[in-house]
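From first to last, the protein sequence lines stand for chains A and R.
Numbering that gives the first Met the number 0 numbers the first residue of the first sequence as 0 and each following residue consecutively.
Numbering that gives the first Met the number 0 numbers the first residue of the second sequence as 0 and each following residue consecutively.
A short write-up of the structure that comes next.
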Amino acid sequence: MEARILEERKQSIMVKDFCCSGDGKSITCEKESVSGAVSQRACVYCGARVVLNPITDAYHIVHGPIGCASYTWDIRGSLSSGSDLYRNSFSTDLRERDVIFGGEKRLTAAIDEIVANHSPKLIFVYATCIVGVIGDDIEAVCKQATEKYNICVVPVKAPGFSGTKTLGYKMACDALMQVIKPHAKPEQPKKGINILGDFNLAGEMWIIKNYFKKIGVDVISTITGDASYDTLIKASTAELNIVQCAGSSTYLANRMEDELAIPFLKVSFFGVEDTTNSLMRVAYAIGDAEVIRKAEAFTEVESAKLQEFLTKYRRNLLGKKAAIYVGGGFKAISLIRQFNEMGIETVVVGTQTGKQEDYAVIQSLVNEHTVILDDANPAELETFMKEKGADILVGGVKERPLAYKLGIAFCDHNHERKHALAGYEGVVNFTKEINLTINSPVWQLL
Amino acid sequence: MGINFTNLNVNPCKMCTPMGSVTALYGIKKCMSILHGSQGCSTYIRRHMATHYNEPVDIASSSLTEEGTVFGGASNLIKGLENLIRLYNPEVIGVSTTCLAETIGEDIKAIIKNFYMANPDCKVKIIPVSTAGYAGTQYEGFFKALQAVVANVEMTTEKNNKINIITGLISPADTRYLKQLLDGLGVSYVLLPDLAENLDGVHVDVYNRLPSEGTSLEEISQMAGAKFTIELSTFVSDDISPAKYLEEHYGVPYKRMDLPVGLQATDAFIKQIVELGGVISPELTKERGRYLDAMVDSHKYNALGRATVFGEPDFVKAIINLCCENGIVPVVSATGAACSNFQAKIEAPIKKVAAGLFVENYAMVDDADFETIEQLTLDLKANVMIGNSDARRISEKHSIDLVRCAFPIHDRVGGQRIQMIGYAGSLQLLDRISNTLLGAKESTFREELYEKYYTGSDKKSPQAIHEVTKMNAQEIIAQKTATHPCYNCGAGQYARIHLPIAPKCNVQCNYCVRKYDCPNESRPGVTTEILDPEQAFQKYVIVKEKMPNLKVVGIAGPGDSLANFEQTKETLTLIKEYDPEVTFCLSTNGLMLPLYAQDLIDLGVTHVTVTLNAIDPKIGAKIYKYVDYMGVRYTGESGAGILIGNQLTGLKYLTSRGIICKVNTVMLKGVNDDHIETVVKKVKELGCEITNIMQLIPVAGSAFEDMPLVNNKEITAMRKQCEVHIKQMYHCKQCRADAIGTLGNDVSIEYRGCTAPSSTQEKTLEAKRFAVATKSGMLVDQHFGHASEFYIYESDGKTAKFIERRNVEKYCTGVEHCEDKASKIDNILTAVKDCHSVLALRIGDSPSKRLQDMGIGIVVTYDRIEDAVKKAANQ
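Rendered as structure tokens:
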């Protein structure tokens with residue numbers, strides 16, 4: 000089928016060239032998806048669920064019809080060292096009757112039932128599309144339940160139509176603040192750090208936590224990978240927040256800085272250099288000479304261990320071409336840099352919810368003629384991956400079958416993966432995965 | 000709703016109607032789907048389908064936003080249709096509504112009419128399907144879509160000889176089989192839908208993003224003239240039934256039948272086709288016979304099956320049919336859909352098979368969630384589950400096997416190729432169920448019966464395992480001895496590292512002073528630095544990196560390794576985790592050996608050296624000034640007695656467990672020189688491998704500093720004298736506690752401080768302060784004028800030291816100032832005024848000039864922050 004690019008999509012696609020301004024202005028982004036274009040984006044509810052779901056001992060109640068609960072039930076690889084509650088899907092399963100008469104009563108009754116049968120500490124109530132339309136006042140229901148039972152019942156207003164996934168992140172951050180803030184005591188001594196924006200996919204939060212243990216930094220709260228109610232409410236006692244997934248959690252970090260006086264730093268644990276720099280930066284920020292010394296020693300050893308491995312694999316990967324299509328700008332940027340280190344050139348790169356500044360950085364990082372897309376659809380991905388001769392696509396599972404149909408290798412860099420990609424361990428896993436798919440014998444037979 | 004809740008669904012065993020609708024439409028030729036609603040619905044459904052089918056699943060969305068929700072989504076939908084046509088060039092488009100569209104009252108028929116009016120040349124057949132997600136489940140959505148298809152496609156009423164075959168959701172492989180079966184029976188038919196190819200495509204050179212196979216509009220148009228309709232669903236209600244619609248509007252008679260799964264249902268289906276003109280081929284008869292034969296072959300295994308069957312109602316019924324005719328009792332039958340006649344429709348065969356096997360209790364539930372299914376499965380003791388992969392958690396949690404079947408299957412490949420239809424499909428599924436039951440039996444019966452009947456005597460298996468590991472351990476130790484430079488003088492090419500982690504000592508020997516450190520001096524008890532376990536580990540890694548012949552890690556003080564047991568333990572644990580191959584060697588005075596011997600073995604220590612100068616407390620009293628044991632300081636013979644007793648007990652314990660032990664003895668003229676042979680004989684008796692008789696190194700400040708020296712000749716004579724009893728070490732170099740390298744070449748000086756660069760040395764160059772404009776926090780990636788924050792660093796060119804993150808707004812005096820662009824730059828400049836330079840992705844002319852006026856340098860770059868800062872500091 001011929002390549003077709005919709006007229007209203009053309010502004011969201013650009014090719015890096017000599018004259019591009021480099022400030023990201025030449026690409027249209029942060030806009031609503033074009034109707035009928037087959038966007039790969041999800042919705043507000045999805046964004047909120049992504050951030051909050053890893054809280055292991057919370058009841059996550061989806062207030063709405065069954066679909067929203069069904070398709071998000073335990074689909075992500077967040078691991079828990081404690082409760083397994085978060086792996087369940089609770090839904091008010093609204094039916095026609097509820098849509099006509101309102102679902103507040105059912106929601107109230109559902110919360111009553113949970114309290115009667117279990118001893119919940121924390122309940123999140125997600126409002127989906129129709130709840131936004133039929134006008135259920137979930138805030139009132141949650142407030143009532145909070146007062147009645149003296150537990151934390153938090154509304155998450157996330158009707159799908161009310162914006163993009165990014166708004167969902169914000170809703171989740173507000174919900175988290177609602178859990179954390181009441182436990183802040185003025186003038187309490189602050190020590191240790193909180194890790195924000197890591198969801199413990201394949202144990203990544205544990206990897207990062209172990210690093211901090213080794214360099215002598217206490218981790219107070221992990222937000223939200225492997226979090227529990229009891230650890231979350233201690234978050235206000237930390238002296239520093241570090242933010243791994245900037246897209247989802249910077250808003251929370253800002254609020255915690257403004258309202259709880261906890262400064263924050265952005266970090267990244269993807270790639271050797273980023274991991275090393277991030278650990279050093281946290282060590283300096285803590286300012287303890289012993290921590291700095293340990294961090295120096297630790298990062299030096301860990302980086303050294305990887306050099307031989309990376310040199311070996313680089314031989315197999317040098318000169319390959321990559322296409323990247325991921326959720327946020329931060330991840331895309333990080334991937335371009337990791338590929339650069341492997342000797343792989345990024346020829347197509349796009350994100351679902353990248354911001355203007357993200358695209359400015361992307362433009363700076365990629366070579367000329369690289370295609371940059373915002374909110375791309377399958378037809379565009381197909382067209383440009385073919386045109387640019389990509390050898391591998393990094394994306395989410397929806398994009399995987401497309402890559403395979405086109406005879407292109409694939410790496411899942413999404414929430415469903417079951418191997419860690421963060422930290423020094425992650426470098427090994429990621430490099431191995433890229434090699435095993437890009438150099439698979441099957442491509443020779445197509 | 001759940002078994003424990005009336006207002007809460009816990010783990011849904013159902014999906015929504017739009018899911019069913021778009022799946023059905025995947026079986027229509029050149030058809031695309033658009034969901035009228037918010038973006039998430041289409042994305043979630045696509046993900047759910049793509050993971051099961053491993054095919055690209057493209058479903059558009061009208062991407063309704065707040066505005067569309069308030070003012071109506073007509074313009075969104077019309078735009079969406081136009082775009083979809085441009086992108087995919089389909090012949091058919093199904094417009095399915097969602098919860099949102101239905102709730103805000105969208106009239107999609109009217110919108111489609113408007114679309115045609117605006118696009119009079121459009122030839123695409125647009126089919127509206129009303130699928131509110133809260134009204135029913137996916138199987139209802141599936142039939143609603145099919146009914147909408149037959150209701151909207153222009154029909155040819157001219158009579159033909161075709162049979163309409165309408166199915167619910169079956170796998171692409173089953174669809175292909177069904178077509179083969181019908182072809183084999185020699186009848187002409189229209190299959191609706193036909194998703195055999197679109198959701199299980201072949202690999203082709205040129206990918207076509209439009210689903211190009213499936214039931215064509217032309218075929219569908221002939222359905223009105225068909226002679227009969229078979230609808231393979233007994234649960235579909237009249238109001239959404241395509242067969243009923245065809246009867247009402249075109250007079251096509253119909254019959255609803257169970258899916259042809261299992262012998263009886265397949266027989267019934269084929270009988271019906273034969274009545275309509277089909278002819279049974281000899282091959283089909285054989286196929287039937289083969290399934291029947293398999294049923295007989297495995298009936299005894301199947302009779303032990305107690306199944307939980309769950310999913311769409313028609314699927315559940317089909318599996319119940321297959322189970323019951325094979326003697327498997329479906330003790331739990333559950334569907335997530337609400338259907339009041341569920342029990343009435345499925346109970347007869349279950350009742351019969353349960354009665355035959357005296358199974359008294361079985362459950363049949365509709366509107367069930369997985370919490371209910373889990374509870375019933377446990378209560379009724381099901382030993383196999385049959386259905387989609389959503390039961391995987393129950394399966395994992397309770398170790399009940401799950402035979403994956405139906406949609407979705409997210410944790411295995413090949414969901415699209417699972418078969419159950421016809422004799423051949425039934426055979427495949429039955430084999431899978433039987434094998435699951437057999438597998439469970441085969442892998443547990445030995446242990447179970449052993450546990451149950453063979454009680455009261457020693458258990459055989461654990462001991463056997465123990466023997467194997469013991470043998471392996473001995474081999475490993477032998478191998479390690481071969482590469483240990485101290486235990487094997489032929490192993491001189493191998494290197495060892497002594498990690499100085501043990502500062503404390505619990506025995507004061509009269510020849511020992513540990514306080515001096517001269518880097519050029521080499522003797523036991525000397526080290527330049529004490530490392531903590533983490534540092535020791537790092538040192539090991541660094542040395543190992545550069546010294547591949549490094550085979551042995553030794554803990555040799557400078558105090559006593561067991562007086563610092565926690566450090567020793569942690570160090571060895573860290574190293575073992577990193578390098579399981581390494582040989583651990585430890586030297587000790589042996590005082591704490593009985594206490595820690597087993598711990599050492601558990602840690603993987605294979606070689607232990609004990610310094611044992613006497614076995615007679617009288618002689619010992621002359622050598623040891625004091626012994627600190629269990630919180631008490633002992634002197635004289637009592638101290639020496641405790642020490643000697645523990646040394647001998649410890650050595651015995653270790654050697655009896657295969658650990659290689661060496662005894663070091665310091666030859667002290669006039670003190671123990673006549674006693675050494677006695678010591679050597681004793682340790683030989685205890686099973687030690689080798690002894691090392693050493694010269695005294697007189698140290699200033701020690702009690703023995705004036706003791707006469709033993710010359711080489713004397714020491715060699717003593718070793719020769721003892722050699723008749725036990726192997727002697729002639730090559731000892733009396734190493735430092737931080738020695739590194741081969742015995743002949745100590746290179747420890749090169750590695751000193753490698754794990755802890757001294758912070759005082761760094762400050763030789765003047766550290767400058769830098770402000771970094773960054774967005775990501777990892778890169779210099781922000782325009783100076785856009786910066787809302789700066790990462791402040793200090794660097795001397797060697798290290799980049801993070802100081803703080805500065806929020807520009809915090810430097811702002813008031814809100815009104817921030818709004819003003821000129822003031823914003825002022826604030827930015829204030830935020831960086833104490834810096835030597837700023838680093839930014841870009842910077843405008845005006846701020847650039849102002850920075851220069853302030854004497855602040857500018858570096859424009861898009862490097863990694865730490866790298867950029869170091870570079871800037873070096874400029």
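Where is the CB? At the ideal position from N, CA and C, for every residue including glycine.
A quick note: this is a predicted structure, and the numbers were derived from the prediction, not measured.
Legend entry - R:Thr763 at chain A interface by Cβ criterion, 9 Å: Position 764 of the second sequence, counted from the first residue, corresponds to residue 763 of chain R. Here R:Thr763 scores only 49 on pLDDT, less than 50, and its place in the model should not be relied on; the value that follows carries that caveat. No, R:Thr763 does not count as interfacial toward chain A.
Legend entry - As assigned by DSSP and simplified to three states, the class of R:Ser836: Here residue 836 of chain R refers to the residue found at position 837 of the second sequence. Of the three classes helix, strand and coil, the one that applies to R:Ser836 here is strand, per DSSP.
Inset, instruction - Would you mind stating whether A:Thr91 and A:His117 have Cβ atoms separated by less than 9 Å? - result: Mapped onto the first sequence, residue 91 of chain A falls at position 92. Mapped onto the first sequence, residue 117 of chain A falls at position 118. For A:Thr91 and A:His117, no; Cβs fall outside 9 Å.
Legend entry - Segment contact flag, the region 696 to 712 of chain R with the region 502 to 514 of chain R, C-beta cutoff 8 Å, min 3 pairs: yes
Inset, instruction - Please name the residue, chosen from R:Tyr652, R:Gln720, R:Asp627, that lies closest to R:Gly960 on a Cα-to-Cα basis. - result: The shown model of chain R, from 0 to 874, leaves out residue 960 of chain R, and the question about it has no answer.
Legend entry - Reduced DSSP category for A:Arg94 - H, G, I as helix; E, B as strand; rest coil: By one-based count along the first sequence, residue 94 of chain A stands at place 95. Coil at A:Arg94, not helix or strand.
Inset, instruction - List the whole-angstrom C-beta distance separating R:Tyr138 from R:Leu168, where the pair is believed to meet the contact cut-off of C-beta under 8 Å. - result: By one-based count along the second sequence, residue 138 of chain R stands at place 139. By one-based count along the second sequence, residue 168 of chain R stands at place 169. 7 Å between Cβ atoms; contact.
Legend entry - Those residues which DSSP pairs with R:Asp45 across a bridge: The residue given as residue 45 of chain R occupies position 46 in the second sequence. A small correction: the amino acid at residue 45 of chain R is Arg; Asp does not occupy that position in the sequence shown. In the DSSP output, where bridge partners are listed per residue, R:Arg45 has none listed.
Inset, instruction - Check the Cβ-Cβ distances between R:Phe341 and every residue of chain A, and say whether any is below 9 Å. - result: Residue mapping note: residue 341 of chain R aligns to position 342 of the second sequence, counting from 1. Not closer than 9 Å to any Cβ of chain A, the Cβ of R:Phe341 fails to qualify, so no.
Legend entry - Supposed close pair A:Ser11, A:Leu372 - CB separation, criterion 8 Å: By 1-based counting over the first sequence, the position of residue 11 of chain A is 12. By 1-based counting over the first sequence, the position of residue 372 of chain A is 373. The pair is a contact, with the Cβ atoms about 6 Å apart (cut-off 8 Å).
Inset, instruction - Using the Cα positions of R:Asn744 and R:Lys726, report the straight-line distance between them to the nearest angstrom. - result: The residue labelled residue 744 of chain R in the question sits at position 745 within the second sequence. The residue labelled residue 726 of chain R in the question sits at position 727 within the second sequence. So the two alpha carbons sit approximately 24 Å from each other.
Legend entry - Contiguous alpha helix (DSSP H) assignments of at least 4 residues, all confined to the region 630 to 709 of chain R: 635 to 655, 675 to 684
Legend entry - Nearest-angstrom Cα separation, counted from R:Gln733 out to R:Arg632: What you label residue 632 of chain R is simply residue 633 of the second sequence in a count that begins at 1. What you label residue 733 of chain R is simply residue 734 of the second sequence in a count that begins at 1. Cα-Cα distance, rounded: 28 Å.
Inset, instruction - Tell me, please, which residues DSSP counts as bridged to A:Val124. - result: Mapped onto the first sequence, residue 124 of chain A falls at position 125. DSSP, once it has assigned bridges, lists A:Ile60, A:Pro154 as partnering A:Val124.
Legend entry - Neighbourhood of R:Ala302 by C-beta distance below 7 Å, restricted to the same chain and skipping five residues each side: The residue given as residue 302 of chain R occupies position 303 in the second sequence. Gly326, Leu356, listed in sequence order.
Legend entry - Partners in chain A for R:Leu83, counting only beta-carbon separations shorter than 7 Å: As a position in the second sequence, residue 83 of chain R is number 84, starting the count at 1. Those are Gly35, listed as they occur along chain A.
Legend entry - Alpha-carbon to alpha-carbon, A:Trp72 and R:Asn806: Walking along the second sequence from the start, residue 806 of chain R turns up at place 807. Walking along the first sequence from the start, residue 72 of chain A turns up at place 73. Spanning the two alpha carbons is a distance of roughly 39 Å.
Legend entry - Where the region 66 to 77 of chain A meets chain R: residues whose CB sits under 9 Å from a CB there: Gly66, Cys67, Ala68, Ser69, Tyr70, Thr71, Trp72, Asp73, Ile74
Legend entry - Within chain A, the residues that R:Val540 reaches when beta carbons sit closer than 8 Å: Here residue 540 of chain R refers to the residue found at position 541 when the second sequence is read from its first residue. Result: Val300, Ala303, Lys304.
Inset, instruction - Consider the C-beta atom of R:Ala799 and the heavy atoms of the ligand MN; say whether any pair is separated by less than 8 Å. - result: The model on display carries no ligand, and the ligand MN is accordingly not part of it.
Inset, instruction - Indicate the three-state DSSP secondary structure (helix, strand or coil) for R:Glu767 in the structure shown. - result: Counting from one through the second sequence, the residue named residue 767 of chain R turns up at place 768. A small fix is needed here, since residue 767 of chain R is Lys in this sequence, not Glu. Looking at R:Lys767 - three-state DSSP - the assignment turns out to be strand.
Inset, instruction - Following the continuous alpha helix (DSSP H) through R:Gly79, name the residue where it begins and the one where it ends. - result: As a working note, residue 79 of chain R is residue 80 in the second sequence. Where R:Gly79 is concerned, the enclosing alpha helix (DSSP H) stretches over 73 to 87.
Legend entry - Identity of the residues DSSP links to A:Val348 by a beta bridge: Here residue 348 of chain A is taken as the residue at index 349 of the first sequence, counted from 1. For A:Val348, which the question treats as bridged, DSSP gives the partners A:Ile323, A:Ile371.
Inset, instruction - Below 7 Å between beta carbons is the criterion; list the residues of the region 79 to 104 of chain A that meet it against any residue of chain R, in chain order. - result: Arg86, Asn87, Ser88, Phe89, Ser90, Thr91, Asp92, Leu93, Arg94, Glu95, Val98
Inset, instruction - Determine the closest residue to R:Gln263 out of R:Ser211, R:Ile319, R:His298, R:Gly740, with distance taken between C-alpha atoms. - result: Your numbering for residue 263 of chain R matches position 264 in the second sequence. Here the closest residue by C-alpha is R:Ile319.
Legend entry - C-beta atoms of A:Glu258 and A:Ala183 nearer than 9 Å: Within the first sequence, residue 258 of chain A is the residue found at index 259, counting from 1. Within the first sequence, residue 183 of chain A is the residue found at index 184, counting from 1. Yes.
Legend entry - C-beta atoms of A:Cys45 and R:Tyr43 nearer than 9 Å: Within the first sequence, the letter at position 46 stands for residue 45 of chain A. Within the second sequence, the letter at position 44 stands for residue 43 of chain R. Cβ atoms of A:Cys45 and R:Tyr43: closer than 9 Å.
Inset, instruction - Check the Cβ-Cβ distances between R:Ile372 and every residue of chain A, and say whether any is below 9 Å. - result: As a first step, residue 372 of chain R must be located in the second sequence, where it is residue number 373. No, its Cβ sits nowhere closer than 9 Å to a Cβ of chain A.
Inset, instruction - Could you pull out every unbroken beta strand (DSSP E) segment of at least 3 residues lying fully inside the region 204 to 261 of chain A, listed in chain order? - result: 218 to 223, 239 to 242
Inset, instruction - Under the assumption that R:Glu311 contacts R:Thr334 (Cβ atoms under 8 Å), give the Cβ distance between them as a whole number of angstroms. - result: Position 312 of the second sequence, counting from 1, holds the residue named residue 311 of chain R. Position 335 of the second sequence, counting from 1, holds the residue named residue 334 of chain R. About 7 Å; that satisfies the 8 Å criterion.
Legend entry - With 16 other Cβ atoms within 10 Å as the buried cut-off, status of A:Arg292: Working through the first sequence from its first residue, we reach residue 292 of chain A at position 293. Buried, because 16 or more other Cβ atoms sit within 10 Å of the Cβ of A:Arg292.
Inset, instruction - Count the C-beta pairs between the region 72 to 90 of chain A and the region 408 to 424 of chain A that are closer than 8 Å, then say yes if the count reaches three, no if not. - result: yes
Inset, instruction - Leaving out five residues on either side along the sequence, give the residues of the same chain with a beta carbon under 8 Å from the beta carbon of R:Ala134. - result: Sequence index remark: in the second sequence, residue 134 of chain R carries index 135 (1-based). Contacts found: Thr16, Glu101.
Inset, instruction - Please work out which residues of its chain come closer than 6 Å, Cβ to Cβ, to A:Gly196, disregarding the five sequence neighbours upstream and downstream, and give them in chain order. - result: Sequence index remark: in the first sequence, residue 196 of chain A carries index 197 (1-based). The residues are Val242, Gln243, Cys244, Ser247, Ser248.
Inset, instruction - Leaving out five residues on either side along the sequence, give the residues of the same chain with a beta carbon under 8 Å from the beta carbon of R:Pro707. - result: Taking the second sequence and counting its residues from 1, one reaches residue 707 of chain R at position 708. Answer for R:Pro707: Lys668, Gly669, listed in chain order.
Legend entry - chain R contact for A:Lys189 (CB, 9 Å cutoff): As a working mapping, residue 189 of chain A is identified with position 190 in the first sequence. Output row for A:Lys189: interface = no.
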